[in-house]
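In the numbering used here, the protein residues as written are 71 to 603. Glycine residues also receive a C-beta, built at the ideal position from the N, C-alpha and C atoms. A quick write-up on the structure given underneath.
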Ligand code: NOJ
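Put into structure tokens, the structure is as follows:
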């Protein structure tokens, strides 16, 4: 993919939680505009040149904006369409690209299309959604489950049929097999691309094509007590239908009508689908403009063995024209610091910023934000409400950005919609900029270093001496050669290689300016050696 060639990194903003400009406790678009100077490339700033905004569309917020009631507007909670246009032009003035979230699989049940579809079986929009008759005994048409718990079918008494919702009942699935639906959704894309939006993150695409026969999903023999109940079944028929990649191609064709725009697909690896073929299908959709995210790091245990294994495999699956988009945090998964620990998460941050491709960084990960425990009475997330107690709730990783040691971490002058982390007086942007050993300073330094073409475009080759504790790899192009070495263990580890070069960066203070032969790496230490001399 040649598009977005120069982009150094993508920064995911969860608009509710980034910056509140009007004191109502919820982040908004004017708040994001206030903080663009923090994001843009420059000296005392993060050095990021693309942002991805989670949904800001009008929505009843049953799934916090992933239940869209109008695809072409802005929810008053976040501001106005004019605010969005201002955000776009302010971002562009700073050379920041703007990617928005596109939710193709489902609308809100309050969207006028669904309201119309629901009026009767004869409605002109009936077939825009997936309606089916009950079984003879009145039960749902098949055994498919909702991701958030319970059946994926909701009964509508007035018309005597069920509609399908792969997520909440308030998120009815659109019928992508209907050409009118596809054409209308492609026009939604054009609406934003015409306005100047640079990129699209496409949500939950796996579900847009289903088994045409709507067969029951088989049971999952590997399901264990305490797992997410969704995985009592293998989702064999309810997603990855035969038309999926054709429909994605239609979306990507729209992207291709414009210059330098891209589309990224949300796709988690399914344990029962061969990973290599899964990636190759997604990358093959339209290699010029489209790619899937790589989410494998979310579940990977912290060890050199596990991380080496998934990165090495993935790097061999893709060709030199296919760009990786490694993601180690997002609004649906526990914060890395809470999952694996603070120094460990910092090292993974370093890994992300030294791997090939375009890193996708979740807001707050650059300062080492943690999951914030949410008392039951403050739970907002429907996932936690519908399947309580299994640790599936996503509120903990969606808490307000920690800007400073001011009240509410400088996020709002009002009452924040979710609690701010207790550690905010130390873990915040302002304090961390003043601390050379902080997370933020590491992100800052490495994002600057990524301006070296070798880090963005160079080849990746694993160091043969890598083992269960040390993970080393080379990045090389015609302009340079770097050696990245990570000690992914809690003990100091001896490195006995014979690489010679200048130390460009280290997570831990080092006396030596060069390395030349054996040395010891501290626990969770990472170094970058310039070996092009
Ligand atoms: C994936 C989104 O990232 C998640 O937050 C949302 O709940 C589901 N898709 C449904 O849209």
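Exercise for the section: Just grab the DSSP bridge partners of residue 306 for me. Expected result: Residue 306 is not bridged to any residue.
Practice task
For residue 91, collect the residues of the same chain with a Cβ closer than 7 Å to its Cβ; drop the 5 residues on either side in sequence, then sort them by chain order.
Solution key: 98, 100, 101 and 104
Practice task
Pick helix, strand or coil for residue 60, following the three-state DSSP scheme.
Solution key: Residue 60 cannot be examined here, being either before or after the span of the chain that is shown, 71 to 603.
Handout entry: Environment of residue 504 [buried if 16+ CB atoms lie within 10 Å]
Key = exposed
Practice task
For residue 126, verify whether its CB is less than 6 Å away from any heavy atom of the ligand MN.
Solution key: As for the ligand MN, it is missing from this structure, which binds only the ligand NOJ.
Practice task
Check each candidate in 73, 400 and 557 and name the one with the smallest Cα separation from residue 81.
Solution key: 400
Problem - Backbone CA spacing between residue 328 and residue 536 [nearest angstrom] - result: 43 Å
Practice task
Would you check if the distance between the CB atom of residue 517 and the CB atom of residue 437 is smaller than 7 Å?
Solution key: no
Problem - C-alpha gap between residue 371 and residue 558, whole angstroms - result: 11 Å
Practice task
Closer than 6 Å by C-beta to residue 485: which residues in its own chain qualify, once you throw out the five before and the five after it? Chain order, please.
Solution key: 95
Problem - Per-residue burial, residue 142 [other beta carbons within 10 Å of its own, 16 or more giving buried] - result: exposed
Exercise for the section: Pull up the distance between the alpha-carbon of residue 220 and that of residue 228, whole angstroms please. Expected result: 22 Å
Practice task
Measure the C-alpha to C-alpha separation of residue 526 and residue 167 and round it to an integer number of angstroms.
Solution key: 17 Å
Problem - Bounding residues of the alpha helix (DSSP H) (the contiguous stretch that carries residue 456) - result: 452 to 456
Problem - Closer than 6 Å: residue 433 CB and nearest the ligand NOJ heavy atom - result: no
Practice task
Ignore the nearest five residues each way along the sequence and tell me which others in residue 607's own chain have a CB closer than 6 Å to its CB.
Solution key: This structure gives no information on residue 607, because the portion of the chain shown stretches from 71 to 603.
Practice task
Determine the closest residue to residue 523 out of 351, 72 and 76, with distance taken between C-alpha atoms.
Solution key: 76
Problem - Pairwise C-alpha distance: residue 122 and residue 425 - result: 20 Å
Practice task
Measuring alpha carbon to alpha carbon, tell me which of 255, 573 and 432 ends up nearest residue 109.
Solution key: 432
Practice task
Report yes if the C-beta of residue 222 is less than 6 Å from at least one heavy atom of the ligand NOJ; otherwise report no.
Solution key: no
Practice task
Please confirm if residue 590 has its CB atom under 7 Å from at least one CB of chain C.
Solution key: As a matter of chain content, chain C is missing from the structure shown, which is built from one protein chain.
Problem - Whole-Å CB distance - residue 252 paired with residue 336, under 8 Å assumed - result: Not quite, the Cβ-Cβ distance comes to about 18 Å (not below 8 Å), so this is no contact.
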